[in-house]
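Residue numbers (our numbering), protein chains in the order written: chain A, 826 to 957; chain B, 826 to 957.
Heads up: the structure comes next, in structure tokens.
Protein chains: 2
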Amino acid sequence: MSKVFSLSEAASIALHGIILIAREKEGLNVIKIAERTSTSKHHVAKVMQRLVKAGYLTSQRGPSGGFSLKKKAEDISFLELYEVIEGVIEISTCPMDKPICPFDKCIFKNVTSKMTLEFKNYLQGQTVDMYL
Amino acid sequence: MSKVFSLSEAASIALHGIILIAREKEGLNVIKIAERTSTSKHHVAKVMQRLVKAGYLTSQRGPSGGFSLKKKAEDISFLELYEVIEGVIEISTCPMDKPICPFDKCIFKNVTSKMTLEFKNYLQGQTVDMYL
DNA sequence: GTAATTCTGGTAATTAAATGCTCAAATGTA
DNA sequence: TACATTTGAGCATTTAATTACCAGAATTAC
């Protein structure tokens, strides 16, 4: 069984984590996020760090510290979060990146670009506040 | 820049390679396939071996040997080839495979299963003879 | 001020994919 | 028959991405 589509664990943590944080008044720490997303605290820590640097979260060290939202939930789209972690989504026709294609016409025509665009539009339409 | 979608080089070699073979009367050897797909002969050899075992190609060793189609070009769909290499495509709702989801509703709803199905249908509709 | 808690950031380990290597087996040709 | 060519198959190496770990710095609570 193979997946055509897969989300990296990092991207999953970013999206799920920020929603969990948004649902809390007081902030949420790494350990709780890890527990609730069934992932390792180490990985969560790394992902959260990136969201802090990117300006989506603020962090608070020390006892009763943790992360909380810096922006409004309705102003954070899944697309932004996804692209912080994965990089800007590339809409390309060919899923391979060979300098030369032996074919006049890409055998994937536009199916991959169409689907990628569809996915991107979906991500853009979803914001954190929709999941509170 | 990130890709939402990517094809493994192995799958690419399978699809492109079989079309190149189908275009030849006399068969095509590993080296020529590797040249025309800008890939390594080692990788091509491995992929072709799998297509031989799966019954799509016949191989001929020795001088002027190479690979040729075993089935009719119109009877070979991209889906079959893809699944020989990658395994059967899984249509799942969630792109993550966690035993427990902390959310009532998957944040990816049906977007990924819809897109995967779309891709699968595309592959099923394409046959080798369309590219001769 | 001491200790416990929590994030930070650099580094290490793991994994999967791709690539490379080598020898064996088969086949055509001189 | 001898030799060059080509696939077959297993194993080793390399590479990139992901994931995990650990020591250190900041902060709060007591």
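Positions of the beta carbon are idealized from the N, C-alpha and C atoms, including for glycine.
Within chain B, the residues that residue i reaches when beta carbons sit closer than 7 Å
i                 : result
Leu840 of chain A : Ile932
Where the alpha helix (DSSP H) containing residue i begins and where it ends
i                 : result
Gln885 of chain A : Run containing Gln885 of chain A: none in the alpha helix (DSSP H); it sits in the beta strand (DSSP E), Leu882 to Gln885.
Ser837 of chain A : Glu834 to Ala847
Phe938 of chain A : Per the sequence shown, residue 938 of chain A should be read as Ser rather than Phe. Val936 to Gly950 is the extent of the alpha helix (DSSP H) around Ser938 of chain A.
Lys850 of chain A : Premise fails: Lys850 of chain A is in no alpha helix (DSSP H) and is neither H nor E.
CB contact below 8 Å: residue i versus chain B
i                 : result
Ser865 of chain A : no
Thr937 of chain A : yes
Chain A contact residues for residue i, given Cβ-Cβ distances below 7 Å
i                 : result
Met826 of chain B : Gly912, Val913 and Glu915
CB contact check: residue i to chain A, cutoff 8 Å
i                 : result
Glu849 of chain B : no
Val829 of chain B : yes
Gly941 of chain B : Before going on, a small fix: residue 941 of chain B reads as Thr here, not Gly. At least one chain A Cβ lies under 8 Å of Thr941 of chain B.
Tyr881 of chain B : no
C-alpha gap between residue i and residue j, whole angstroms
i                 : j                 : result
His868 of chain A : Gln885 of chain A : 18 Å
Ala859 of chain A : Leu904 of chain B : 38 Å
Glu943 of chain A : Leu942 of chain B : 13 Å
Tyr907 of chain A : Ala836 of chain A : 6 Å
Gly891 of chain B : Ile910 of chain B : 20 Å
Gly842 of chain B : Thr862 of chain B : 7 Å
Lys897 of chain A : Leu832 of chain A : 25 Å
Neighbouring residues, chain B, relative to residue i (Cβ below 9 Å)
i                 : result
Tyr956 of chain A : Phe928, Lys930 and Ile932
N- and C-terminal bounds of the beta strand (DSSP E) containing residue i
i                 : result
Leu876 of chain B : That residue, Leu876 of chain B, is in no beta strand (DSSP E); its alpha helix (DSSP H) goes Lys866 to Lys878.
Leu894 of chain B : Gly891 to Leu894
Looking at chain B, which residues of the stretch 883-912 of chain A have a Cβ within less than 7 Å of any of its Cβ atoms?
Glu911 and Gly912
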